[in-house]
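What follows is a single structure, written as structure tokens, with notes after it.
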Amino acid sequence: MDINELQKYLEKIDFNALSKDNVKLSEDDAYVGELYNSAIDNIKQYNIDVAKIKLSRVVKLDPTFEKAKLLLDRINTLENDKSLGEKIEEALDKKDDKDNYKDKKTFREHESVSKLSFKEILQSIINRFSANKKQTFPVKRKVRMNPLTFIKMQMVIIIVLIVIIVILIAIILYLKNKHEDYVAAQPDLKTEITQLTQDKYEQSELYQSAVLQYEDRIKKLEDSLNSTGSDVLASKQETDILIQQNKLYYAKYLSLTQKYDDALDMLKQIDLSKASFSQTDYNMYTDTIVECKKNISIALYHSGNKLYQDWKYREAYSNFYEIWQNYPDYDSVKYWEKDNNYSNIIYDSVYKMSKCAFEIGEYNVAIQGYSFIENSQSEFANTNKEGIIYHSAKAYAGIENYIKAEELFKKIINEYPHSDLVTYAKERLVIVQQKLGR
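Take the position in the sequence shown, starting the count at 1, then add 63; the result is the number in the numbering used here.
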């Protein structure tokens with residue numbers, strides 16, 4: 064990638080369009096947006112170092128600003144690419160050298176002319192003309208190549224070409240054999256994919272068949288309840304068990320067909336007190352719930368993140384809040400700690416939900432979300448600790464708990480003196496202390 068390809072990433076934030084859409088920005092967001100736009104202007108003027116500093120501040124102030132992070136990554140990639148810095152520097156150096164050369168040449172000509180008299184100049188011209196007239200140049204003689212030498216040269220060239228062709232053929236044959244050996248050692252991936260797909264459909268058909276069988280048995284039991292002389296209580300209990308098993312197998316079938324919302328709704332209808340599941344059925348029940356919640360949350364995260372990047376906080380809040388409801392406590396997330404990427408998605412969802420909550424005036428929800436992340440002691444919490452404290456302080460100020468807000472702003476100033484957030488914490492601390500009459 065070169066400097067021209069970077070242009071397609073230089074999309075500035077249109078504050079006028081946001082204003083027309085009635086999007087209200089906080090002071091911090093507005094400052095981050097202006098800083099981001101300024102960085103883009105500097106890139107367009109080839110002030111790459113200045114742009115990089117500003118983008119670094121943007122990412123530090125708002126770690127969730129994906130566009131800024133992407134642009135900063137592109138610039139860092141370009142810095143490692145030798146062509147960017149050198150092309151700009153060489154272009155500027157060539158221009159400076161050319162201008163300096165012209166200036167020096169013009170200056171020397173004027174200086175030399177000013178020092179010579181008219182007589183000296185005339186004498187110099189006459190001498191130069193005489194010298195040119197007397198100067199003779201030797202005639203170059205054409206050297207004819209000996210035919211035998213020419214033939215020898217041609218033979219050498221042909222032999223060299225033949226040797227090169229033989230070497231290339233040998234290399235191609237060697238690589239072909241290596242490739243064939245590699246392919247022979249690998250499993251037939253196409254066959255494996257086909258088999259996995261077939262297994263999935265067979266599983267779906269199996270569960271669908273089980274559902275139909277349970278429905279048939281339930282129907283027969285219900286018919287027997289209407290007949291005389293039957294053990295009504297025993298038949299009723301067996302019917303309840305089969306109904307719950309029917310729901311379980313139907314939910315599993317729905318999850319295999321990727322209808323995760325419907326599957327989760329069906330699982331929520333199961334009454335475990337009536338189910339009397341075997342250990343196998345119970346494991347299927349818990350595993351299916353986990354799988355459905357995971358896939359639903361990933362879909363919500365992607366759509367919510369797009370809304371968040373477009374500063375549509377109310378719509379994004381709804382998506383992120385639903386993810387939090389799927390994982391309302393640390394123990395429910397702890398299951399996914401082995402999959403660090405997915406656990407980070409959950410924490411990032413709650414972090415962004417809290418920020419959206421603050422923007423739409425749901426300060427208590429914002430405080431709860433930030434506390435949830437901070438108390439998790441997770442990698443995500445440790446990475447974003449100062450941001451969590453700062454935004455929590457803002458939320459406490461929003462509910463007019465100025466004492467707690469003052470405490471947290473001071474914590475940022477004292478414990479993170481080199482943070483970019485210190486400046487903003489000091490400004491907000493002054494406002495909070497004024498509210499407290501200090």
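All C-beta atoms, glycine included, are put in the ideal place defined by N, C-alpha and C.
No experiment lies behind these values; they were computed from the predicted model shown.
Status (buried if at least 16 other CB within 10 Å, exposed otherwise) for residue i
i: Glu469; result: buried
i: Arg501; result: exposed
i: Phe213; result: exposed
i: Glu442; result: exposed
i: Met216; result: exposed
i: Lys117; result: buried
i: Asn139; result: exposed
i: Gly424; result: exposed
i: Val95; result: buried
i: Glu422; result: buried
i: Ile106; result: buried
i: Ala80; result: exposed
i: His454; result: buried
Per-residue DSSP class, three states only, for residue i
i: Tyr390; result: coil
i: Lys337; result: helix
i: Lys178; result: Note that Lys178 scores a pLDDT of 44, beneath 50, so its modelled location is shaky and nothing firm can be said.
i: Asp328; result: helix
i: Asp77; result: coil
i: Lys239; result: helix
i: Thr302; result: helix
i: Phe128; result: coil
i: Ile188; result: Model confidence at Ile188 stands at a pLDDT of 49, short of 50, so the residue's coordinates are unreliable and nothing is read from them.
i: Ser482; result: coil
i: Lys418; result: helix
i: Gln108; result: coil
i: Arg377; result: helix
i: Gln321; result: coil
i: Arg137; result: helix
Start and end residues, alpha helix (DSSP H) containing residue i
i: Lys87; result: Unbroken run through Lys87: none, as it is neither H nor E.
i: Ala368; result: The amino acid at residue 368 is misidentified as Ala; the sequence shows Asn. Here the alpha helix (DSSP H) through Asn368 covers Gln342 to Gln372.
i: Glu490; result: Val485 to Lys498
i: Ser119; result: Ile111 to Leu124
Closer than 8 Å is the cut-off here; do at least three beta carbon pairs connect the segment 305–322 with the segment 343–352?
yes
Contact between the segment 406–413 and the segment 385–393 (3+ Cβ pairs under 8 Å):
yes
Quick one: which unbroken alpha helix (DSSP H) runs of 4-plus residues sit fully inside the segment 423–467? Chain order, please.
426–439, 442–446 and 448–461
Assess contact between the segment 333–346 and the segment 360–373, defined as three or more Cβ pairs (one per stretch) separated by less than 8 Å. Is contact present?
no
Mind the definition here: the segment 470–483 touches the segment 429–443 only if three or more C-beta pairs lie below 8 Å; say whether that holds.
no
Would you check if the segment 114–130 and the segment 92–104 touch, i.e. whether three or more CB-CB distances between them fall below 8 Å?
yes
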